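J.: Protein chains in written order, with our numbering: chain V, 2 to 179; chain X, 441 to 806; chain U, 172 to 736.
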Amino acid sequence: MAKVIPRKPLTLAERTYLPQVLGGLKTTFKRMVSPNVTLEYPEERPVIPEGYRGVPTLVKDPDGREKCVSCQLCEFVCPPKAIKIFPGEIPEDAPTAHVEKAPRDFQIDMLRCIYCGLCQEVCPEEAIFLQEIFSVTGYTRSELVYNKQKLYELGGTLPDRHFKWEKKRQAAERGHQH
Amino acid sequence: MAVDLLIVVGKALAVVVVLMGLCAYTVLAERKVSSWIQNRVGPNRTTLPVIGAIPVLGPMLTRLGLFQPMADGLKFLFKEDILPGHVNKVYYMLAPVIALVPALLTVSVVPFGQYVDADGVTRPLILANLDIGILFIFAISSLGVYAIILAGWAANSKYPFLGGVRASAQMISYELAMGLSVLPVFLWINTPGAPATLSLVAVVDAQAGAWFVLLMPLSALIFLISIFAETNRAPFDMPESESELVGGFHTEYSSFKFGLFFVAEYAHMIVGSAILVLLFFGGWHPLPWLTLADLGLAGGVLGGVLSTLVFLAKTLLVVFFFIWVRWTVPRFRYDQVMRIGWRMLLPLAIANLIAYVLFLAWWVTR
Amino acid sequence: MTAPAQTDLVTVVIDGKEIAVPKGTNIIEAASRLGIEIPHYCYHPKLSVVGNCRMCLVEMGMPMIDRGSGKPILDDHGGQKIGWMPRPAIACATAAVPGMQIRTTTELVKQCREGVMEFLLVNHPLDCPICDQAGECRLQEFATDYGRGYSRFIEEKNVKPKRTRLGPRVMLDDERCILCSRCIRFCQEVPKDDVLGFVDRGSYSTLTCYPGKQLENNYSLNTVDICPVGALTSTDFRFKMRVWFLKQTPSIDTESSVGANTFVWAREGKIYRITPRRNDAVNDTWMADSGRELYQQVEAEDRLNACHASGKPVPAPEALQAAVALLKEGKTAIVGSARASLEEQFLLKKVARAAGGAPVHLVAHTGEGDGLLVSADRTPNLRGALLTGLIDTLPPASLEALGAAIDAGEVQTLVVVREDLLAAGLTEAQLERVRIIHLDTHRRPGLERAAVVLAGLTVFEKAGSFVNQQFRVQKFQKAVPGPGGAAEDLFLLATLAAELGGESMPSTPASVWQAMAAEIAAFRGMTFAGIPDDGVVVEAGRLAELPFVEGESLHYKPAAEAAGV
């Protein structure tokens with residue numbers, strides 16, 4: 002059984018369309034004199050809200066140590082498989098030798114990245130962050146596979162609350178050693 | 441003789457150039473007004489090398505988008521001119537020309553001001569002061585529909601064809617109402633016994649007191665609506681309704697050919713606005729019951745310039761109204777267009793005519 | 172099969188479920204048969220029991236018996252009353268006795284496990300992000316399953332040496348070590364190379380090598396496998412790839428006729444490591460270090476990546492056409508290989524027959540057996556060549572007979588499968604007298620001028636089977652794809668045999684096995700898919716009495732010794 006919805010017949014004025022047209026003109030005129038909402042992009046930039054998920058980047062800690070230890074959890078969790086890590090060992094004479102492991106190279110395919118932020122969430126070293134960069138451009142596909150150097154350039158340094166490895170180094174020096 | 445001819449050609453060229461310029465800047469106005477209505481900015485980037493570099497003024501003109509029409513024009517020139525393989529080449533090429541010619545031709549009988557010469561004789565500023573002015577305009581402007589039909593037919597594909605069919609039906613429907621709505625005006629200015637005239641100059645002269653929009657508002661309204669329909673402007677843009685027919689009659693056109701249609705449409709709109717101003721809004725009289733002569737400004741070159749400016753201002757105001765309506769009202773359905781044309785406007789125009797005939801008969805024999 | 176003697180079985184009740192196990196089975200094994208996991212670190216089924224990790228604590232009880240009368244004490248419901256011991260017992264060192272009751276899910280057991288986990292984690296560095304064991308770490312798993320989930324330890328953790336080199340192939344991180352002593356026991360009990368031990372006491376206890384010694388025996392990497400945490404890591408695999416990316420494929424170690432069962436761990440077509448696969452009849456849970464390096468041959472410098480004809484790289488079909496043309500001219504001899512799979516040897520025999528009964532020569536590869544998992548015969552499949560009838564006597568150490576035939580001009584075309592002819596006793600002058608068809612995975616010295624080179628696949632890139640020294644047929648699976656220019660050996664041989672003989676030939680392991688089951692008595696009724704993961708011993712008959720070179724090794728005695736001679 003179809004449900005019949007009664008419709009009110011149009012009045013004479015309504016049938017001339019004129020009141021509606023005039024009402025519409027009034028509305029658009031109000032818009033015409035109200036201020037614009039356009040953000041003129043290259044010159045004006047949007048305010049990036051907190052928690053914004055832009056381009057994933059690698060960060061260094063305030064001491065300039067690269068935080069990534071190439072545990073490959075982000076590579077594992079990445080839904081579009083955009084991340085590729087080539088793990089490597091830190092040489093024993095390096096100042097951060099006690100960290101032992103660091104990526105030889107770290108590649109993120111920005112064409113594949115879906116900015117889901119799972120890599121940031123999963124990172125046990127707080128080394129990867131989706132920062133404020135939202136504009137990614139390039140002429141070739143290979144150009145948009147960002148390597149480790151580029152990712153550190155974009156990431157810069159972020160404050161650290163833990164200094165996990167620095168504490169570890171100090172403990173080793175101070176020593177509960179036998 | 442040759443000098444006279446040169447002067448006439450010069451005048452004609454000047455008018456055409458001004459009209460084309462107006463068309464170009466009407467396109468800009470269209471974009472700017474639409475952006476304001478949508479709380480946007482509109483074109484504000486295009487700039488010229490030297491003028492754009494003038495401090496303060498250059499950036500200001502750029503922000504206003506005043507250089508945009510040049511870029512648009514160039515774009516039409518330099519885009520790829522596609523000649524589809526399946527079209528009827530002769531008609532396909534002919535159609536845009538036929539679209540533009542009537543639009544430019546009608547402007548020749550449109551008076552745009554007056555000039556009181558040294559002898560105190562008032563002369564209209566007009567390319568050809570024909571006594572049959574309005575008849576000429578109707579005759580020529582209705583030729584414009586042939587361009588659309590031709591374009592739709594020559595393109596040899598379904599959407600342009602539908603656009604062409606729609607255009608012809610719509611034009612015929614509204615031409616009747618338009619013609620009938622104008623008749624009371626000419627009944628009014630032609631007193632029995634005096635030499636009859638269809639001149640637009642005479643119409644303007646008759647509005648030195650009350651404007652016809654005040655005397656016969658219904659005629660003005662019908663004429664206004666008919667102009668919308670005749671120029672294919674929203675809400676009557678059935679022939680090119682892009683949501684249904686891709687681009688309507690000009691779907692297969694690109695580059696400069698499309699540009700000609702584009703310009704013709706705006707030329708139609710401007711000429712239509714001018715005629716509306718002439719017929720119902722007092723032509724170059726600044727206000728009802730107030731002429732330039734009343735202000736003592738009618739004399740000499742100043743009077744000529746002022747009258748032209750007043751007329752132009754009014755015309756552009758109507759053009760602005762056209763644009764404003766376009767970005768306000770959604771398109772009518774096709775059956776609605778037909779219903780409005782045949783079942784509302786036409787009877788109304790006939791009733792209006794009869795009413796004014798009776799009134800004038802009573803008035804004259806009183 | 173006869174039913175096991177009932178007298179050897181004892182019945183225990185674990186978490187209310189009864190299970191009959193052989194006498195002497197400990198509770199961890201008994202529970203695992205019921206599908207009940209009792210967490211443990213120090214216990215290893217193939218090593219002695221020390222019971223020092225305390226993770227496997229369970230509650231134990233025995234039916235109560237009145238000491239005076241010797242009668243069972245009954246509870247209210249008429250069943251025998253269970254006397255539960257007031258303290259938990261370690262399941263690894265508790266052998267099943269009749270009537271024993273075990274509870275693994277009680278509050279006491281749970282608390283015990285939480286306590287053990289907490290103590291183990293007190294000094295554990297928690298550097299899972301850089302630890303290679305992460306993903307296959309018992310500490311991680313049991314901390315998740317049985318730990319309390321948070322730490323109450325706020326003091327500073329112990330610092331111990333990291334990155335200690337125990338030997339050429341093993342690295343030690345002492346901080347991660349939980350002192351289970353599996354590695355120490357392994358070294359003492361399996362390779363009998365006692366080099367590891369604990370020094371210091373309490374939380375300073377540290378695993379180390381004895382002074383002046385190194386963990387360098389050929390079984391050292393087994394300590395890495397059995398280490399429940401990431402304390403011992405392989406230098407080769409260290410920091411290469413996280414284990415959760417790796418796909419395991421069952422395979423066979425090809426370094427000797429022992430045929431140790433292995434897993435090949437690969438990701439995206441690249442092999443990262445090889446570990447032993449448990450087979451109690453062959454290699455228990457061990458394998459030799461030398462066998463773990465074999466995966467490097469896949470991407471070796473001298474790998475054959477394309478077929479060649481007249482010195483130019485060509486697609487496999489073209490190379491095959493060239494080979495067929497050569498073989499049709501007759502005067503062919505074949506050098507087969509005990510390194511080829513059973514299926515390949517079967518097809519090679521077909522090729523020999525199709526090429527007018529060409530003589531097949533094999534060459535022996537022997538070395539010193541270590542009595543464990545590397546035998547004296549350094550080929551994986553000599554017995555396969557005997558079973559398929561490719562040869563009927565043991566191969567000589569050199570190809571003198573073939574050399575003589577070449578010198579006599581009896582050989583015009585020589586087919587070489589996976590052999591180094593110069594090392595096998597032929598001279599370069601002899602090689603120049605024949606046209607060579609070379610089917611191999613790697614370039615060989617002296618064969619650079621081969622008329623046709625057919626690029627085949629390594630054991631990691633194909634499926635097939637080997638017959639080990641016990642006449643045990645064991646199959647291996649394809650772990651990674653081969654190089655683009657190479658073709659399946661079976662396809663190459665089948666095409667040769669078919670083109671020469673004019674009849675179609677099977678070219679997949681399954682179809683070759685159909686043919687073998689029909690032709691060879693020892694394989695009657697067998698299928699490729701039907702071979703179990705731990706292999707199946709076939710009846711060798713008279714062949715078993717041949718004087719094989721292998722000496723005694725783990726789970727193998729030479730036929731002569733077994734017969735008690």
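Cβ coordinates follow ideal geometry from the N, Cα and C atoms, glycine included. None of the values given here were measured: they were computed from a predicted structure.
#1: Give the list of continuous beta strand (DSSP E) stretches no shorter than 3 residues that lie fully inside the region 556-627 of chain U.
#2: With a threshold of 8 Å, are at least 3 pairs of Cβ atoms found where one atom belongs to the region 723-736 of chain X and the other to the region 746-757 of chain X?
#3: Tell me the DSSP secondary structure of K697/X in three-state form.
#4: Rounded to whole angstroms, what's the CA-CA distance from G722/U to L553/U? Just pull it up for me.
#5: State the start and end residues of the unbroken beta strand (DSSP E) segment that holds K441/U.
#6: Hey, is the region 636-651 of chain X in contact with the region 700-712 of chain X, meaning 3+ C-beta pairs nearer than 8 Å?
#7: Nearest by alpha-carbon distance to G560/U: which of E581/U, D578/U, R524/U and K520/U is it?
#8: Any beta-carbon of chain V closer than 8 Å to the one on N479/X?
#9: Quick check: is any heavy atom of the ligand SAM less than 7 Å from the C-beta of A576/U?
#10: Short of 9 Å Cβ to Cβ, which residues in the region 36-65 of chain V face chain X?
#11: Taking K411/U as the query, report the chain V residues whose CB atoms sit under 8 Å from its CB, ordered along the chain.
#12: Tell me the rounded alpha-carbon separation between A529/U and V582/U.
#13: Cβ of R40/V within 8 Å of Cβ of P50/V?
#14: Mind checking the region 114-137 of chain V against chain U and listing, in chain order, the residues whose C-beta falls within less than 7 Å of any C-beta there?
#15: Touching or not, the region 606-614 of chain U and the region 473-480 of chain U, by the rule of three or more beta carbon pairs under 8 Å?
#16: Return the residues of the region 338-367 of chain U that lie within a Cβ-Cβ distance of less than 7 Å from chain V, sorted by chain order.
#17: Would a C-beta distance cut-off of 8 Å place G640/X and L545/X closer than the cut-off?
#18: Note down the Cα distance separating L786/X from F676/X, rounded to an integer number of angstroms.
#19: Using a Cβ-Cβ cutoff of 7 Å, what residues of the region 638-661 of chain U are near chain V? List them in chain order.
#20: Just by C-beta distance, which residues in the region 465-479 of chain X are closer than 9 Å to chain V?
#21: Who are the near neighbours of L446/X in its chain, counting only those whose CB is closer than 8 Å to its CB and skipping five residues on each side?
#22: Does W764/X have its Cβ less than 8 Å from a Cβ in chain V?
#23: Measuring alpha carbon to alpha carbon, tell me which residue in K188/U, G222/U and G187/U is nearest N197/U.
#24: Just checking: is the beta-carbon of T29/V within a distance shorter than 8 Å of some beta-carbon in chain X?
#25: Within the 8 Å Cβ cut-off, does C72/V reach chain U?
#26: Using only CA atoms, which one of S136/V, Y140/V and K102/V lies nearest to I301/U?
#27: What do you get for T404/U, buried or exposed, if any count of 16 or more other CB atoms within 10 angstroms of its CB means buried?
#28: Do we get a CB-CB distance below 8 Å when we pair A172/V with the residues of chain U?
#29: Using the DSSP secondary-structure output, state which residues sit across from F770/U in a beta bridge.
#30: For E167/V, decide whether its Cβ has a neighbour in chain U, counting only Cβ atoms nearer than 8 Å.
#31: Consult DSSP for D179/U and reduce its assignment to one of helix, strand or coil.
#32: At least one CB of chain V closer than 8 Å to the CB of T748/X: is that the case?
#33: With burial defined as no fewer than 16 other Cβ atoms inside 10 Å of the residue's Cβ, what is the status of Y140/V: buried or exposed?
#34: For the alpha helix (DSSP H) that N393/U lies in, which residues bound it at each end?
#35: Indicate whether at least one CB of chain V lies closer than 8 Å to the CB of F324/U.
#36: Go through the region 289-341 of chain U residue by residue and report every complete run of the alpha helix (DSSP H) that reaches 4 residues or more, in order.
T.: Let's see:
#1: Considered as a whole, the region 556-627 of chain U harbours 584-588, 606-611 and 623-626 as its complete beta strand (DSSP E) runs of no fewer than 3 residues, in chain order.
#2: The region 723-736 of chain X vs the region 746-757 of chain X: in contact.
#3: Numbered from 1 along the second sequence, position 257 holds the residue referred to as residue 697/X. Three-state DSSP puts K697/X in a helix.
#4: Position 551 of the third sequence, counted from the start, is the residue given in the question as residue 722/U. Position 382 of the third sequence, counted from the start, is the residue given in the question as residue 553/U. Distance between the alpha carbons of G722/U and L553/U: 15 Å.
#5: Here residue 441/U refers to the residue found at position 270 of the third sequence. First-last of the beta strand (DSSP E) with K441/U: K441 to P447.
#6: Using a C-beta cut-off of 8 Å, the region 636-651 of chain X makes no contact with the region 700-712 of chain X, since fewer than three inter-stretch Cβ pairs fall below that distance.
#7: Working through the third sequence from its first residue, we reach residue 560/U at position 389. Checked all of E581/U, D578/U, R524/U and K520/U; the closest Cα to G560/U is K520/U.
#8: Numbered from 1 along the second sequence, position 39 holds the residue referred to as residue 479/X. Proximity of N479/X to chain V, defined by a Cβ-Cβ separation below 8 Å, is satisfied.
#9: The ligand SAM is not part of the structure shown, which contains no ligands of any sort.
#10: Along the region 36-65 of chain V, the positions whose C-beta sits under 9 Å from a C-beta of chain X are P36, N37, V38, T39 and E41, read in chain order.
#11: By one-based count along the third sequence, residue 411/U stands at place 240. Simply P88.
#12: Counting from 1 along the third sequence, the entry for residue 529/U is found at position 358. Counting from 1 along the third sequence, the entry for residue 582/U is found at position 411. The straight-line gap from Cα to Cα measures roughly 10 Å.
#13: Taking the first sequence and counting its residues from 1, one reaches residue 40/V at position 39. Taking the first sequence and counting its residues from 1, one reaches residue 50/V at position 49. Residue 40/V is actually Leu in this sequence, not Arg. Not a contact, by the Cβ cut-off of 8 Å.
#14: Taking 7 Å as the upper bound on Cβ-Cβ separation, chain U lies near residues P125 and E126 of the region 114-137 of chain V.
#15: Taking a cut-off of 8 Å for Cβ pairs, the region 606-614 of chain U and the region 473-480 of chain U touch, as three or more such pairs fall below it.
#16: Here the close residues number zero.
#17: Reading the second sequence from its first residue, position 200 is the one you call residue 640/X. Reading the second sequence from its first residue, position 105 is the one you call residue 545/X. Contrary to the premise, residue 640/X reads as Leu rather than Gly in this sequence. Their beta carbons are not under 8 Å apart, which means L640/X does not touch L545/X by this criterion.
#18: As a first step, residue 786/X is located in the second sequence; it is residue number 346 there, counting from the start. As a first step, residue 676/X is located in the second sequence; it is residue number 236 there, counting from the start. In this structure, the straight-line span from the alpha carbon of L786/X to that of F676/X is close to 16 Å.
#19: Those residues of the region 638-661 of chain U that come within reach of chain V (Cβ to Cβ, closer than 7 Å) do not exist; the list is empty.
#20: Interface annotation for the region 465-479 of chain X against chain V: V473, S475, W476, I477, Q478 and N479, criterion Cβ-Cβ distance under 9 Å.
#21: Translated into positions along the second sequence, residue 446/X becomes position 6. Excluding positions up to five away in sequence, the list is empty.
#22: Translated into the one-based positions of the second sequence, residue 764/X becomes position 324. Chain V, which has a Cβ nearer than 8 Å to the Cβ of W764/X, makes this yes.
#23: Position 26 of the third sequence, counted from the start, is the residue given in the question as residue 197/U. Residue G222/U holds the alpha-carbon nearest to the alpha-carbon of N197/U among K188/U, G222/U and G187/U.
#24: Within the first sequence, the letter at position 28 stands for residue 29/V. True, the Cβ-Cβ gap to chain X drops below 8 Å.
#25: Your numbering for residue 72/V matches position 71 in the first sequence. Yes - at least one Cβ of chain U is within 8 Å of the one on C72/V.
#26: Position 130 of the third sequence holds residue 301/U. The candidate whose alpha carbon is nearest that of I301/U is K102/V.
#27: By one-based count along the third sequence, residue 404/U stands at place 233. With a threshold of 16 other beta carbon atoms within 10 Å, T404/U meets it and is buried.
#28: Sequence index remark: in the first sequence, residue 172/V carries index 171 (1-based). By the rule that beta-carbons nearer than 8 Å mark a contact, A172/V touches chain U.
#29: Any question about residue 770/U goes unanswered here, given that chain U covers just 172 to 736.
#30: For the purposes of this step, residue 167/V is taken as residue 166 along the first sequence, with counting starting at 1. Chain U contact via Cβ: absent.
#31: In the third sequence, residue 179/U corresponds to position 8, counting from 1. It is helical.
#32: Residue mapping note: residue 748/X aligns to position 308 of the second sequence, counting from 1. False, the Cβ-Cβ gap to chain V never drops below 8 Å.
#33: For the purposes of this step, residue 140/V is taken as the residue at position 139 of the first sequence. Taking every protein chain shown into account, the CB of Y140/V has fewer than 16 other CB atoms within 10 angstroms, so this residue is exposed.
#34: Residue numbering aside, residue 393/U sits at position 222 when the third sequence is read from its first letter. In the DSSP assignment, N393/U falls within the unbroken alpha helix (DSSP H) covering L392 to I397.
#35: One-based indexing of the third sequence puts residue 324/U at position 153. The beta carbon of F324/U does not come within 8 Å of any beta carbon belonging to chain V, so the residue lies off that interface.
#36: Counting whole runs of 4 or more residues, the region 289-341 of chain U contains the alpha helix (DSSP H) stretches 309-317.
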